[in-house]
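Mapped onto the numbering used here, the consecutive letters of the sequence shown carry residue numbers 429 to 621.
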Amino acid sequence: MPFEGIIAERYPKTVSLADGKELVLRPLLEADQPGLLDFFKRLPAPDRLFLRDDVLNSDVVASWCKELNYERVFPLVGLIGDRIVADITLHRQRGGWMRHVGRVRVVVDPELRGRGIAASLLKELMEVSLEIGLDKLDAEFIAEQTAAIESFQKLGFVKVCTLPQHALDLHGGLHDLVLMVYELKDEEYYAGD
Ligand SMILES: CC(C)(COP(=O)(O)OP(=O)(O)OC[C@H]1O[C@@H](n2cnc3c(N)ncnc32)[C@H](O)[C@@H]1OP(=O)(O)O)[C@@H](O)C(=O)NCCC(=O)NCCS
Numbered sequence: 429m430p431f432e433g434i435i436a437e438r439y440p441k442t443v444s445l446a447d448g449k450e451l452v453l454r455p456l457l458e459a460d461q462p463g464l465l466d467f468f469k470r471l472p473a474p475d476r477l478f479l480r481d482d483v484l485n486s487d488v489v490a491s492w493c494k495e496l497n498y499e500r501v502f503p504l505v506g507l508i509g510d511r512i513v514a515d516i517t518l519h520r521q522r523g524g525w526m527r528h529v530g531r532v533r534v535v536v537d538p539e540l541r542g543r544g545i546a547a548s549l550l551k552e553l554m555e556v557s558l559e560i561g562l563d564k565l566d567a568e569f570i571a572e573q574t575a576a577i578e579s580f581q582k583l584g585f586v587k588v589c590t591l592p593q594h595a596l597d598l599h600g601g602l603h604d605l606v607l608m609v610y611e612l613k614d615e616e617y618y619a620g621d
């Protein structure tokens, strides 16, 4: 099914969190630019340091919202009320060696972590990834992001390698880069809920 069809069929989607709050999932829209920038401004500096892009740069956020191409990058936001509280993206290469792999990046509002929001967004993206024929997901971490690495381990990702001094942070500091992989077609996944 073409991506537009998947989007029309699945979203908006409401998920109940363990604390009873309702999380609405939907693709990022051009009109989300101010809300997405506000969301990134709420992130603590150490989190922002380890993100791949300078998310306080309004031009960067504006380009994400304006140059939407869901086939290449599929950004899904989680909202509580009208506030963006999480952002997950699925990055795809349409050709080449890694056309069967999707890369995931996810950030959750610091005040709302530990409530299953990343788990809900990842589960959703895993279902979409299977629907569009991907075999695996991967995610990259700066080695110091130990809590995030542990979270992904609990969500089924496996740490496959560490590339020494492979990441350069926004301030020019070098860090080891950890690569984690999730096998979408594992039997265990199909056996899950
Ligand atoms: C990593 C991150 C996305 C997790 O989001 P979250 O909404 O708090 O995660 P969830 O509540 O869905 O928890 C997922 C699992 O991780 C565990 N977890 C959550 N926070 C954790 C922590 N600080 N340390 C260890 N485990 C943790 C949860 O217990 C849960 O495991 P379970 O299913 O066995 O209970 C969030 O901390 C974040 O935005 N970090 C900054 C950005 C980042 O590093 N992103 C990852 C790079 S792609």
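Quick reminder that beta carbons are idealized off the backbone N, C-alpha and C, glycines included.
It should be emphasised that the depicted structure is a prediction, and the values quoted were computed from it without experimental measurement.
Using the rule of at least 16 other Cβ atoms within 10 Å of the residue's Cβ for burial, across every protein chain shown, is residue i buried or exposed?
{"i": "TRP492", "result": "buried"}
{"i": "HIS603", "result": "buried"}
{"i": "PRO430", "result": "exposed"}
{"i": "THR574", "result": "exposed"}
{"i": "ASP460", "result": "buried"}
{"i": "GLU450", "result": "exposed"}
{"i": "SER557", "result": "buried"}
{"i": "GLY524", "result": "exposed"}
{"i": "PRO503", "result": "buried"}
{"i": "LEU396", "result": "Residue numbering for the chain in the displayed model covers 429 to 621; residue 396 lies beyond these limits and cannot be assessed."}
{"i": "THR442", "result": "exposed"}
{"i": "ALA473", "result": "exposed"}
{"i": "ILE518", "result": "The sequence given here places Leu at residue 518; Ile does not occur at that position. The residue in question, LEU518, is buried, as its Cβ has 16 or more Cβ neighbours within 10 Å."}
{"i": "VAL588", "result": "exposed"}
{"i": "LEU540", "result": "buried"}
{"i": "LEU562", "result": "buried"}
{"i": "GLY620", "result": "In this prediction, GLY620 has a pLDDT of 48, which is less than 50 and means its spatial position is unreliable; what the coordinates show is noted afterwards. Classification of GLY620: exposed, given that the 10 Å Cβ count is below 16."}
What would DSSP say about residue i, mapped onto helix, strand or coil?
{"i": "PHE478", "result": "coil"}
{"i": "PHE431", "result": "helix"}
{"i": "ASP466", "result": "helix"}
{"i": "ALA571", "result": "coil"}
{"i": "GLU450", "result": "strand"}
{"i": "ASP510", "result": "coil"}
{"i": "MET608", "result": "strand"}
{"i": "PRO503", "result": "strand"}
{"i": "ILE560", "result": "coil"}
{"i": "ARG438", "result": "helix"}
Between the C-alpha atoms of residue i and residue j, what's the straight-line distance to the nearest angstrom?
{"i": "PRO592", "j": "ASP487", "result": "31 angstroms"}
{"i": "ALA571", "j": "GLU555", "result": "28 angstroms"}
{"i": "GLN581", "j": "ASP566", "result": "12 angstroms"}
{"i": "PHE622", "j": "GLY433", "result": "Look at the range of the chain in this structure, 429 to 621, and you will see that residue 622 is not part of it."}
{"i": "LEU465", "j": "ARG520", "result": "24 angstroms"}
{"i": "ALA490", "j": "PRO455", "result": "15 angstroms"}
{"i": "GLU499", "j": "GLY600", "result": "32 angstroms"}
{"i": "LEU583", "j": "GLU559", "result": "20 angstroms"}
{"i": "VAL609", "j": "ARG522", "result": "19 angstroms"}
{"i": "LYS564", "j": "ARG438", "result": "21 angstroms"}
{"i": "GLU578", "j": "ASP515", "result": "19 angstroms"}
{"i": "LEU607", "j": "ALA436", "result": "32 angstroms"}
{"i": "PRO440", "j": "HIS594", "result": "38 angstroms"}
{"i": "ASP537", "j": "LEU471", "result": "7 angstroms"}
{"i": "ASN497", "j": "ASP475", "result": "26 angstroms"}
{"i": "PHE468", "j": "LEU453", "result": "18 angstroms"}
Determine the contact status of residue i and residue j, defining contact as a CB-CB distance below 8 angstroms.
{"i": "LEU553", "j": "VAL532", "result": "yes"}
{"i": "LEU507", "j": "VAL513", "result": "yes"}
{"i": "LEU549", "j": "VAL534", "result": "yes"}
{"i": "ILE545", "j": "LEU479", "result": "no"}
{"i": "LEU612", "j": "THR590", "result": "no"}
For residue i and chain C, any beta-carbon pair shorter than 8 angstroms?
{"i": "LYS441", "result": "Protein chain content of the structure displayed is limited to a single chain, and chain C is not contained in it."}
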